[in-house]
Structures are given as C-alpha cells and as structure tokens.
Amino acid sequence: MKTYQCIAPDVKLGENVKLSQFINLYGCEIGDETKIGAFVEIQKNAKVGKRCKISSHTFVCEGVTIEDEVFIGHGVTFINDSYPRATTDGQLQTEADWHVEPTWIKKGASVGSGSTILSRVTVGERAIVGAGSVVTRDVPAHTIVAGNPARLIRAIDEPDQTTRPKAREVRGISAA
Ligand SMILES: CC(C)(COP(=O)(O)OP(=O)(O)OC[C@H]1O[C@@H](n2cnc3c(N)ncnc32)[C@H](O)[C@@H]1OP(=O)(O)O)[C@@H](O)C(=O)NCCC(=O)NCCS
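So this is what it looks like as structure tokens:
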C-alpha cells in the first residue's frame, strides 16, 4: 500500500514511533513509542515526548511542548499567536512580524477531543481537560477542567478516578 506521510528530513523521530497515514511533520521532535493518528500536523520547534498518544485530526503548532505519556484527543487545536494578523502594512506577514507564544502540556496529562488550548498556558501533570474545552488559563496538576472557558470540575483522586462515580450520580441526578 502506498504511504501518504509527509515527514521532513529534519524531524527527530524516537524509536518505535507509530505513524498513521496522512500526517505532516516538519522540524519537530517525537519521543520513543509515541503514536500519532491520521491527519495530524506537527510544526517545527514543537516537541512531543515518549509514549504519548496524539489522536487523529490534531494540530500541534510551533511553541508547543508535550511531555511524556500525554494523551491528546481527536481534533485538538493549539494556538501560538494571541493577536494574529495576515498582513503588516498591506504585506503578508513573515516570521519577523510576530513571536511564538509557548504552551506546555505536562507529563501524563490528557486533553479531550475537540479542545482548543490557548497559548501561554500550562496544563499540569496528569490533569484532564474535558472534551470541547477552551483552555485560557493554567490547569493545576491532578485536576479535571472543562467548558468554555475551562473551569475546575474537581481534583483527581488517583489511582481510582476511572472507577469513581460521576458527580451527577453522587448528587442523585440521572443522566438525561
Ligand atoms: C470531563 C470528563 C473527564 C468527566 O469528568 P467527571 O469528573 O467524571 O465529570 P462528570 O461527568 O461527573 O460531570 C461533572 C460536571 O461537568 C460537566 N461536564 C462533563 N464533561 C464536560 C465537558 N467535556 N465540557 C463541559 N462540561 C462537562 C457535566 O455536565 C457536569 O455538570 P453539572 O455538574 O452541571 O451536571 C469527561 O466528561 C470528558 O470530557 N472527558 C474527555 C473525553 C475525551 O475527549 N476523550 C478523547 C478520546 S475518545
């Protein structure tokens, strides 16, 4: 089968990285055993750690650092320019016209599908960002945030968080 992968020669790929079809990687670094889904783009000067999962249709821009063991859901968008413009004085902007704003996703964190992570934000270790969130502020480690703008839902009491009853079940509200 023909492969449709666009991987620039300057990409630093770790060992046993698993790459799906229709990906576009350039100038970035991907750690050992990380898995990258289809239709993912990772730009130059972005770093993805070891044993991460980057799900399909996600965009990781320049300035983003994703540490080891991070889960990124489907269709997650990162941002690196808070006040973007196409032109300066009627001319298309170049890299000289703006500065990359960094974003940091710390070890073991998870970002839910369809989320947007604004620049100059840090998502703390093993935090979870709910699906469809817009993260505008730092997310403390070991917490769950969700919504637009993302707000704290609760702290995570690992290792039991996956078996913990839902907040609405605790309050006796049945799922609609
Ligand atoms: C946030 C999440 C982790 C659930 O956390 P939780 O602590 O179990 O939260 P609960 O389901 O008990 O809900 C708590 C409250 O948050 C709300 N909530 C849950 N998920 C939300 C979300 N993604 N966005 C906005 N609000 C959300 C609930 O409606 C509930 O609100 P209420 O108190 O007004 O009823 C989960 O809903 C989620 O979004 N996970 C990400 C899944 C994902 O993207 N996976 C990717 C691979 S498929």
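Counting from 252, one number per residue, gives the positions in the sequence shown under the working numbering. The beta-carbon is built from N, C-alpha and C at its ideal position, and this holds for glycine as well.
*For V372, which residues from the same chain have a beta carbon less than 8 Å from its beta carbon, with the 5 sequence-adjacent residues on both sides left out?*
T354, W355, V386, T387, R388, D389, V390, listed in sequence order.
*Below 8 Å, can you find three or more Cβ-Cβ pairs linking the segment 272-280 to the segment 254-263?*
yes
*How about R377: is its Cβ closer than 7 Å to a heavy atom in ligand 1?*
No, the Cβ of R377 stays beyond 7 Å of every heavy atom of ligand 1.
_Runs of beta strand (DSSP E) lying entirely within the segment 374-416, each at least 3 residues, in chain order_ = 394-397, 402-406
*asked:* Our contact map puts I317 next to I323 with C-beta atoms below 8 Å; I'd like the distance itself, whole angstroms only.
replied: 7 Å
*Identify whether A427 lies in helix, strand or coil by the three-state DSSP scheme.*
Because A427 sits at a pLDDT of 41, beneath the cut-off of 50, its placement in the model cannot be relied upon, and the following sentence gives the value as read from the coordinates. Note: A427 maps to coil in three-state DSSP.
*Confirm, please, whether the CB-CB distance from N267 to E292 is below 8 Å.*
no
*Within 10 angstroms of its Cβ, does S384 collect 16 or more other Cβ (buried), or is it exposed?*
With 16 or more other Cβ atoms inside 10 Å of its own Cβ, S384 counts as buried.
*Residues bridged to V351 (per DSSP)*: Residue pairing by DSSP leaves V351 without any beta bridge partner.
*Find the nearest neighbour of E376 within the set I281, T338, S361, L369, judged by alpha-carbon distance.*
Comparing alpha carbon positions, the residue from I281, T338, S361, L369 closest to E376 is S361.
*By Cβ distance below 8 Å, which residues in the same chain neighbour S333 in space, the five residues on each side in sequence not counted?*
E352, L369, S370, R371
*Going by DSSP, which residues form a beta bridge with S361?*
F322, I379
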